[in-house]
Amino acid sequence: MEFSDKVVIITGGSSGIGFAAARLFQAAGAQVVLVGRNQGRLDRAIEQLGNKAFGISADVSLSGGTQKAVSQTIEKFGRLDILINNAGVSIPNETDLETFSEESFDETINLNFRSVFLMTKYAIPYLLASLGNVVNVSSRLGIKPLKDDAFIYASSKAAVNMFTKAMALNYIQKGVRFNAVCPGATDTPLLRNVFDNSEEFSSYVHSTPLGRIAMPEDIAHTILFLASEKAAYITGGIYPVDAGASI
Ligand code: NDP
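Written out as structure tokens, the structure reads:
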């Protein structure tokens, strides 16, 4: 896949799935823009990418953060071709509706769904100009929820999936594509943070369909395919990358 001269924003590009995607996009010739809150984490990621990526420190759950991410990208590169809405959060122990706080609800929805709306809203004029595309990083739980766990997280990702379809329908004739990738369990700090200890994590890994969880690159390859010219006829698609867990 070829991304020469393409400018790609990846929210949450300093860690996990977003960082794996950044590495692959850069190797395929793209100019990569990483967005995250923590400057130290951004600096480390950029160093690992050979100091060729551009970092923007911004909170994408806030309107100001998303406007900053888009405007600094345009100031620096003059265009935007691909938006990867990847930043997300999963609050541990989301197992009981009665104890799940309103603050945790807001944190989940504001990052997992509102940021996707805001980034898309501010990026769309530039994506229309470049006939670009958007890949949203959702979750297999947005397709099929779990019993007794992650119900607001799953709902936030279901909203991302429907937003992806609605945007695809609205922008197909204007030349901008929208797709979503729905990862299963993937070895990143987000997933490890959900478990109380390493034994719990290992026993979870063994219970998955293939007896192993995804590596971030397993998800990133699908993101790149959907963002590429090879997927020119694909829009509004919701793609599980989960070893069958959502069946
Ligand atoms: P990580 O925890 O490894 O990375 C999250 C990234 O998001 C970091 O770069 C973090 O940087 C950034 N981020 C977090 N909050 C904000 C914010 N408010 N504004 C800007 N950036 C932010 O996560 P994953 O790679 O695991 O997750 C990526 C996506 O994949 C998420 O949407 C997640 O829901 C989804 N997913 C993950 C699965 C998994 O098992 N790992 C399974 C299914 C879906 P910083 O903290 O510095 O801001």
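The sequence shown begins at 0 in numbering that gives the first Met the number 0 and counts up one residue at a time. The C-beta atom is built at its ideal place from N, Cα and C for all residues, glycine as well. Just so it is clear, the structure is predicted and the values come from calculations on it, not from any experiment.
query: I need the straight-line Cα distance from Ala244 to Tyr170, nearest angstrom please.; result: 31 Å
query: Out of Lys143, Cys181, Val133 and Gly63, point me to the one whose CA is closest to Ile81's CA.; result: Val133
query: Could you check whether Ile123 and Ala20 sit closer than 8 Å to each other, using their CB atoms as the reference points?; result: no
query: Say yes only if the C-beta of Asn85 is nearer than 7 Å to one or more non-hydrogen atoms of ligand 3, and no if none qualify.; result: Because ligand 3 does not appear in the structure shown, any question about it cannot be addressed here, the ligands present being ligand 1.
query: Between the alpha carbons of Ala44 and Val31, how many angstroms are there, rounded?; result: 11 Å
query: Since Tyr215 and Phe18 are thought to touch, with beta carbons under 8 Å apart, how far apart are those beta carbons, to the nearest angstrom?; result: Checking the sequence shown, residue 215 turns out to be Pro, not Tyr. Contact flag correct, Cβ pair sits at about 7 Å.
query: Using a 10 Å radius around the Cβ and a threshold of 16 neighbouring Cβ atoms, would you call Ile246 buried or exposed?; result: exposed
query: Reducing DSSP to helix, strand and coil, say where Val193 ends up.; result: helix
query: In chain order, what residues of the same chain lie with their CB nearer than 7 Å to the CB of Ile16, ignoring the 5 residues before and after it?; result: Asn85, Val136, Pro182, Thr185, Thr187, Pro215, Ile218 and Ala219
query: Would you report the Cα separation of Thr221 and Leu96, rounded to the nearest angstrom?; result: 34 Å
query: Between the C-alpha atoms of Ile237 and Glu199, what's the straight-line distance to the nearest angstrom?; result: 30 Å
query: Pull up the distance between the alpha-carbon of Gln71 and that of Ser206, whole angstroms please.; result: 44 Å
query: By a C-beta neighbour count over all protein chains shown, 10 Å radius and 16 as the cutoff for buried, is Lys146 buried or exposed?; result: exposed
query: So what does DSSP say about Leu33, is it helix, strand or coil?; result: strand
query: If Gly235 and Thr163 are in contact, beta carbons under 8 Å, what's the gap, nearest whole angstrom?; result: 7 Å
query: Using alpha carbons as the reference points, say which of Glu46, Ala149 and Ala128 lies closest to Arg22.; result: Glu46
query: Roughly how many angstroms separate the alpha carbons of Gln66 and Tyr121, rounded to a whole number?; result: 6 Å
query: Go ahead and pull the three-state DSSP assignment for Val204.; result: helix
query: From Lys229, Met166, Ile9 and Gly28, pick the residue whose C-alpha is nearest to that of Phe2; which is it?; result: Gly28
query: Go to Ser56, then tell me how far its alpha helix (DSSP H) extends in each direction, as first and last residue.; result: Taken as a continuous stretch (DSSP letters only), Ser56 belongs to no alpha helix (DSSP H), being part of the beta strand (DSSP E) at Phe53 to Ser56.
query: Identify every residue that forms a DSSP beta bridge with Gly247.; result: An answer regarding residue 247 cannot be provided, because it is not within the stretch 0 to 246 covered by the chain.
query: Does any C-beta atom of chain D lie closer than 8 Å to the C-beta of Met161?; result: Included in the structure is just one protein chain, with no chain D present.
query: Which residue's Cα is closest to the Cα of Gly35: Phe104, Ala68 and Ser202?; result: Ala68
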